[in-house]
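The structure under discussion appears below in the form of structure tokens.
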Amino acid sequence: MTVTLTPSTQTAPTERRRSLVPHRRLTRPAPLLELAILGLGYTAYELTRVAVAGSTRSAMIDGRRIYRLEQLLHLSPERWLNGVLSVRPGLAHIAGYYYTTLHFVVTLAVLAWLYWRHPGNYRTMRTALVAATLPSLLAFWLFPAAPPRFAIPHLSDTLDDLHIAGVLAPRASAGMANLYAAMPSLHVAWAAWCALSIWAVFRREHRYLALLPWTYPIATALVVISTANHYFLDAPAGLLALALGVWVAVQREHLVGLSYRAGRWLGQPMVQVGKAMAGER
Numbered sequence: 006m007t008v009t010l011t012p013s014t015q016t017a018p019t020e021r022r023r024s025l026v027p028h029r030r031l032t033r034p035a036p037l038l039e040l041a042i043l044g045l046g047y048t049a050y051e052l053t054r055v056a057v058a059g060s061t062r063s064a065m066i067d068g069r070r071i072y073r074l075e076q077l078l079h080l081s082p083e084r085w086l087n088g089v090l091s092v093r094p095g096l097a098h099i100a101g102y103y104y105t106t107l108h109f110v111v112t113l114a115v116l117a118w119l120y121w122r123h124p125g126n127y128r129t130m131r132t133a134l135v136a137a138t139l140p141s142l143l144a145f146w147l148f149p150a151a152p153p154r155f156a157i158p159h160l161s162d163t164l165d166d167l168h169i170a171g172v173l174a175p176r177a178s179a180g181m182a183n184l185y186a187a188m189p190s191l192h193v194a195w196a197a198w199c200a201l202s203i204w205a206v207f208r209r210e211h212r213y214l215a216l217l218p219w220t221y222p223i224a225t226a227l228v229v230i231s232t233a234n235h236y237f238l239d240a241p242a243g244l245l246a247l248a249l250g251v252w253v254a255v256q257r258e259h260l261v262g263l264s265y266r267a268g269r270w271l272g273q274p275m276v277q278v279g280k281a282m283a284g285e286r
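Heads up, the sequence shown is in the working numbering, so the first residue is 6 and it goes up one at a time.
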């Protein structure tokens with residue numbers, strides 16, 4: 006007898022090896038449900054940035070506290086990086102549009118790629134992204150911090166000076182967006198999430214090539230600091246937020262795996278009982 010392998014049968018073993026969790030189902034979740042989850046997450050993100058408590062004065066104070074801590078730790082490259090960028094208008098334009106555009110575009114592209122091509126990893130990484138973002142929103146609310154371009158004197162606000170699209174001046178943005186969400190850096194957290202998502206898929210077949218995506222969060226960290234939108238410490242704080250998100254996602258997958266194995270273990274006796282009853286008949 007000839008057995009014809011369907012495309013899903015042929016690719017399932019490879020896809021399962023790429024999956025972060027071996028027991029994870031390879032079917033795609035319902036698209037409308039996923040869109041609803043992501044839509045709610047984005048709404049929460051924007052509402053938190055708009056409605057965050059804290060005056061401009063307190064945000065300035067918190068921002069300067071971060072900068073003073075960096076100076077005590079000798080980890081304050083903001084002035085040097087901003088100076089390098091501000092005297093190079095062409096590079097400043099690239100950095101500005103990088104900052105205002107790639108944050109969402111690349112993240113959504115990686116999400117879509119995981120959903121269609123690697124559903125075994127999609128659920129885990131989607132959970133990690135959400136679980137990394139929610140604590141960050143809480144941090145924005147509890148600890149509003151003005152970015153360096155507002156809190157540190159004599160820094161060049163290259164985004165505003167060059168009229169980069171999507172950037173609002175403080176007066177124009179009143180009531181529209183919260184500009185005091187420096188700590189942690191979601192730009193860095195989401196960029197590292199993108200790198201981790203791609204690395205997880207290709208880490209076995211292309212061990213060294215899979216390291217290439219990690220240049221993205223490094224470049225993002227340089228951009229957000231040099232444009233004076235984030236402090237140096239915002240970057241590791243973003244990585245900590247992502248680490249928390251990954252931990253939550255892995256714990257969730259372990260619970261799913263336990264329930265999956267428990268269901269199979271409990272199901273076997275019932276199958277045997279059913280067979281015995283059928284035999285008696």
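Note that beta-carbon positions come from the ideal geometry of N, C-alpha and C, so glycine has one too.
In the three-state scheme derived from DSSP, where H, G and I count as helix and E and B as strand, Ala-150 is classed as strand. Listed in chain order, the non-local C-beta contacts of Val-253 below 6 Å within the same chain comprise Ala-136, local neighbours out to five positions each way being set aside. 9 Å or more divides the Cβ of Ala-194 from the Cβ of Val-206. Around the beta carbon of Tyr-72, 16 or more other beta carbons lie within 10 angstroms, which makes this residue buried. Here the alpha carbons of Ala-35 and Arg-84 stand approximately 48 Å from one another. Here Phe-109 is exposed, its C-beta having fewer than 16 other C-beta atoms within 10 Å. Buried is the label assigned to Tyr-104, since at least 16 other Cβ atoms lie within 10 Å of its Cβ. Using a Cβ distance threshold of 9 Å, Thr-53 and Leu-142 count as a contacting pair. If you look at Arg-69, you'll find it in the alpha helix (DSSP H) that goes 61-78. Tyr-120: member of the alpha helix (DSSP H) spanning 108-122, first to last residue.
In the three-state DSSP reduction, Ala-186 falls in the strand class (E or B). Our two residues, Ala-156 and Met-130, have alpha carbons roughly 35 Å apart in a direct line. In this structure the region 236-251 lies against the region 67-82, because at least three pairs of beta carbons, one per stretch, are closer than 8 Å. Annotated three-state conformation of Phe-237 is coil, per DSSP.
Remark: C-beta atoms of Leu-167 and Ala-97 approach each other more closely than 9 Å. In the displayed model, Val-92 falls within coil according to three-state DSSP, outside both helix and strand. Less than 9 Å separates the beta-carbon of Leu-139 from that of Gly-46. Taking Ala-246 as reference, the option from Asp-162, Glu-39 and Ala-144 with the minimal CA-CA separation is Ala-144. In the displayed model, Thr-32 falls within coil according to three-state DSSP, outside both helix and strand.
Across the set Ala-233, Gly-101, Thr-61 and Arg-62, the C-alpha of Ala-233 shows the shortest separation from the C-alpha of Leu-160. Secondary structure of Asp-166 (DSSP, three-state): helix.
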